[in-house]
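Below is one structure, written out as structure tokens; the observations come after it.
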Amino acid sequence: MKISATQAATIRKSILQIGIHLIRQNGPTVGIQEIADKAKIPKGSFYNYFSSKDQFLIEALEEYTQNAILWNDQTLKKGNKNYSIYTNKK
Numbered sequence: 003m004k005i006s007a008t009q010a011a012t013i014r015k016s017i018l019q020i021g022i023h024l025i026r027q028n029g030p031t032v033g034i035q036e037i038a039d040k041a042k043i044p045k046g047s048f049y050n051y052f053s054s055k056d057q058f059l060i061e062a063l064e065e066y067t068q069n070a071i072l073w074n075d076q077t078l079k080k081g082n083k084n085y086s087i088y089t090n091k092k
């Protein structure tokens, strides 16, 4: 069954989010099989979206970092002036 580019992008994003969650829980040694199981895809299908586990880990780290930066920016814009929770400055 062929899926659309939009569906493929949605599945890929879902795999990334599930993988990030599992990495946060279990560390980077989480297996592809576990990610595939949680994403409800066959293990082999994982490689339709990522060429290797290393590529997946790099993209997961980039995604996690981008989300953390966005969260920090939004939190600071809300007017939280207690910068010491973000830096060593008081």
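First residue of the sequence shown? That's 3 in the numbering used here, and the numbers climb one at a time after it.
Glycine included, every Cβ here is placed at the ideal spot set by N, Cα and C.
The shortest C-alpha to C-alpha distance from residue 33 to any of 63, 71, 67, 59 is the one to 59. For the pair of segments examined, the stretch 42-58 was found to touch the stretch 13-27: the number of CB pairs separated by less than 8 Å reaches three.
Here residue 41 has 16, 17, 20 as same chain residues with Cβ atoms under 7 Å from its own Cβ, once five neighbours each way along the sequence are excluded. With a cutoff of 7 Å on beta-carbon distance, residue 22 and residue 66 are scored as near each other.
In the three-state reduction of the DSSP assignment, residue 5 falls in the coil class.
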